[in-house]
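Counting from 35, one number per residue, gives the positions in the sequence shown under the numbering used here.
All residues carry an ideal CB built from backbone N, CA and C; glycine is no exception.
Bear in mind that the values here come from a model prediction, so they are computed numbers and not experimental data.
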Amino acid sequence: MILFLQSSVPLVPDSASTLSGEVDALYLYISGVTVFFTLLIAGAVVFFVIRYRRRNAFEIPRPVEGSTKLETLWSIIPLVIALTFFAWGAKVYFAQYRPVQNAMEIHVVGKQWMWKFQHQTGQREINELHVPVGRRVKLIMTTEDVIHSLFFPAFRTKTDVVPGRYTTQWFEATKPGRYHFFCAEYCGMNHSGMRGYIEVMEPRDFDNWLSGNTNQASPAAVGQAMYESLGCASCHGANGEGGRGPALLGVFGSNVVTNNGQVRADEGYLRESIINPQAKIVNGFSPIMPSFQGQVTEEQLLGLVAYIKSLSSAKPETTTAKPPATGTPQSANPAQPR
Ligand code: CUA
């Protein structure tokens with residue numbers, strides 16, 4: 035049934051990710067249950083209208099007293115059915131929105147009205163995105179202006195892109211090809227033009243494509259240059275030189291104790307610490323860091339974050355510029371390090 039829908043009738047877009055099949059199956063299940071009960075109820079209405087029609091002008095119907103048994107039944111059956119929607123929906127939702135490990139990371143910056151992408155090697159693209167088939171890709175996304183939403187119909191994934199923070203989405207393409215992506219959040223006059231194509235390539239083709247353009251600075255290199263030109267090192271030496279700010283070596287992915295409680299140093303925390311340093315002060319340090327709001331663009335910020343991540347040797351998947359197509363050794367072990 036799903037195959038039929040996808041091959042001959044353009045009711046659904048291509049199905050080209052590890053998640054798209056299950057999203058379709060769930061959609062079909064919900065639609066099927068809905069159609070079944072719509073027909074059942076409509077049929078029952080017609081049947082009862084005919085079966086219990088008034089046969090003469092003086093007929094008095096038998097009074098209905100109600101039935102606890104019947105009422106219990108028609109409450110419990112829909113409840114159970116609705117819960118299957120919920121359980122299956124939650125399973126798909128968690129698969130989609132839980133952060134993934136060992137993914138190839140790509141930076142995304144939305145702006146009115148274009149999508150800018152940057153690979154870890156430095157390769158930039160606008161309204162085009164090249165990815166390898168069979169590899170998890172994690173998008174770290176933000177925007178320079180208003181809210182946008184990046185939607186890949188063929189992958190059945192869509193996530194809002196919000197100013198002032200990072201959001202992420204991931205997918206693993208299963209079929210090489212060229213698929214549309216769209217902005218799915220009304221963002222101004224040319225919202226409908228804020229779209230492009232994702233090119234899913236065989237890993238070898240992708241590696242060739244990626245190595246074809248090596249003259250661009252990687253995000254981490256851009257970040258390092260920013261780090262030096264902004265004078266970050268005078269307080270934040272990578273190893274703690276400077277002494278006025280916490281050491282940045284190994285900070286990414288660690289748990290940091292701040293005046294606002296313990297936080298995990300993820301991309302969002304690093305971003306906040308640059309833009310709004312007073313939000314969370316690491317214990318043992320004074321709130322002396324100035325805000326860099328307005329001094330760095332979103333792309334430079336992503337670069338700074340990438341640079342700080344690259345200082346963290348404990349997280350190999352974040353520093354590999356060109357990981358092997360078959361996944362890193364960590365992916366062989368499904369258990370997540372906790
Ligand atoms: Cu960007 Cu709609």
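At which residues does the beta strand (DSSP E) containing residue i begin and terminate?
i: R85; result: Taken as a continuous stretch (DSSP letters only), R85 belongs to no beta strand (DSSP E), being part of the alpha helix (DSSP H) at S54 to R85.
i: V316; result: Premise fails: V316 is in no beta strand (DSSP E) and is neither H nor E.
i: H214; result: G211 to C217
With distances taken between CB atoms, is the gap from residue i to residue j smaller than 9 Å?
i: Q152; j: H141; result: yes
i: S288; j: R298; result: yes
i: D48; j: A188; result: yes
i: T193; j: T202; result: yes
i: V165; j: E262; result: no
i: Y341; j: V256; result: yes
i: S346; j: M323; result: no
Expressed to the nearest angstrom, what Euclidean distance is found between the alpha-carbon atoms of residue i and residue j?
i: R155; j: S252; result: The sequence as given places Thr at residue 155; Arg does not occur at that position. Cα-Cα distance, rounded: 5 Å.
i: A91; j: S101; result: 28 Å
i: I174; j: H225; result: 21 Å
i: A121; j: R158; result: 40 Å
i: A280; j: H270; result: Note on residue identity: the sequence assigns Pro, not Ala, to residue 280. Roughly 6 Å separates the two Cα atoms.
i: R88; j: T118; result: 41 Å
i: T68; j: A78; result: 15 Å
i: G265; j: R190; result: 43 Å
i: F326; j: T52; result: 40 Å
i: G230; j: E206; result: 18 Å
i: Q258; j: L45; result: 48 Å
i: K349; j: G302; result: Confidence is the limiting factor: at K349 the pLDDT is only 43, short of 50, which leaves the residue's position unreliable, though a coordinate-based value still follows. Distance between the alpha carbons of K349 and G302 is about 16 Å.
i: E351; j: M235; result: A caution first: E351 carries a pLDDT of 43, below 50, which makes its placement in the model unreliable, though a value can still be read off. Computed Cα separation, rounded: 21 Å.
i: G123; j: L184; result: 21 Å
Any heavy atom of the ligand CUA within a distance shorter than 8 Å of the CB on residue i?
i: G230; result: no
i: E219; result: yes
i: G198; result: no
i: H182; result: yes
i: G144; result: yes
i: H225; result: yes
i: W147; result: yes
i: G55; result: no
i: G222; result: yes
May I ask which residues mark the beginning and end of the alpha helix (DSSP H) holding residue i?
i: T106; result: T102 to Y131
i: F240; result: P237 to S245
i: R305; result: E301 to I309
i: V256; result: P253 to S263
i: Q334; result: E332 to S344
Mind checking if residue i is an interface residue toward chain C, Cβ cutoff 9 Å exclusive?
i: S325; result: Within the model displayed, chain C is absent; a lone protein chain is all it includes.
Quiz prompt | Unbroken stretches of the beta strand (DSSP E), 3 residues or longer, contained in the segment 123 to 205 | solution = 138 to 145, 148 to 153, 158 to 160, 162 to 166, 170 to 177, 182 to 186 and 191 to 195
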